[in-house]
Amino acid sequence: MLPQISYLQFHIVFLLPATLVLAASAMAIRPEGNSVRSNDRGHIYWLVVVVLMLVALLYTTPWDNYLIARGVWEYGEGRVLRTVGHAPIEEYLFILVQPLMTAFWLAQLPLREGWPNVSQQLRPVPRLIGCTTGVLVGCIGLYCLQGLDTFYLGAILVWAAPVLTLQWTVGPCQLLYHYRVVLFGTLVPTIYLWGADRVAIAVGIWTQLIRTQPG
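Here the sequence shown stands for residues 719 to 933, where the numbers follow the working numbering.
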């Protein structure tokens, strides 16, 4: 039988140690010229990280509260400290920790030498493909919102579509040029956080309710 732990204990067990280890590792590794936080842009990197954390919080909070209010998922009795709106304060902390963990991990990865030249950056085709793909993701999400069992998937796609559209419309050449860093830098934290999320569901911190009422 799995132990009952609170949302705060979940943070202490799964998020705090990982974040501290990544932070210590990132600070111990000396930034090089081809690092995302090389000496000439390190302060800018961490400033951008703080901005992204705030953007993530502001962007995700309405979405999170709406889904909780709609009953897409709920939290176990006695598992949270208190709520602000419909979400517990631990949820807001989770939103902030995710980009921070990713930033500490990404700060240790070497960038590919060089940068796309001006002609590559101005090519319209990659931007058009990126924009079209992002819009398509949003349309699929809107369609999924109409179904009971696909409502949560649709909500995720609709939430992600504007971000994907912006990224792949503004900087597709840069993302593709550094695709190894993009993939490795995002997949590793995502897999870890996905695993932690599955544990939280297994121990009853939160429960996803598959059937929800669209409309």
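Beta carbons: idealized from backbone N, C-alpha and C, even for Gly.
Minimum C-alpha distance to M771 - residue among Y810, P842 and A878: Stepping through the sequence shown from its first residue, residue 771 is reached at position 53. Out of Y810, P842 and A878, Y810 has the C-alpha closest to the C-alpha of M771.
Close beta carbons around S724, own chain, < 6 Å, minus the five adjacent residues each side: Position 6 of the sequence shown, counted from the first residue, corresponds to residue 724. Hits under 6 Å: R797.
For I874 and A787, the rounded distance between their alpha carbons: Indexing the sequence shown from 1 puts residue 787 at position 69. Indexing the sequence shown from 1 puts residue 874 at position 156. For A787 and I874, the distance between alpha carbons rounds to 15 Å.
Completely contained beta strand (DSSP E) runs for the segment 891 to 932, where each covers 3 or more residues: 924 to 926
Host beta strand (DSSP E) of E831 (start-end): Taking the first residue of the sequence shown as position 1, residue 831 is located at position 113. Taken as a continuous stretch (DSSP letters only), E831 belongs to no beta strand (DSSP E), as it is neither H nor E.
Distance CB(T737)-CB(L863) smaller than 8 Å: Within the sequence shown, numbered from 1, the residue matching residue 737 stands at position 19. Within the sequence shown, numbered from 1, the residue matching residue 863 stands at position 145. No, the Cβ-Cβ distance between T737 and L863 is not below 8 Å.
Close beta carbons around W877, own chain, < 6 Å, minus the five adjacent residues each side: For the purposes of this step, residue 877 is identified with residue 159 of the sequence shown, where counting begins at 1. Closer than 6 Å at Cβ, skipping near neighbours: W781.
Rounded distance between the beta-carbons of W886 and T851, thought under 8 Å: As a position in the sequence shown, residue 851 is number 133, starting the count at 1. As a position in the sequence shown, residue 886 is number 168, starting the count at 1. So it is a contact: roughly 6 Å between Cβ atoms.
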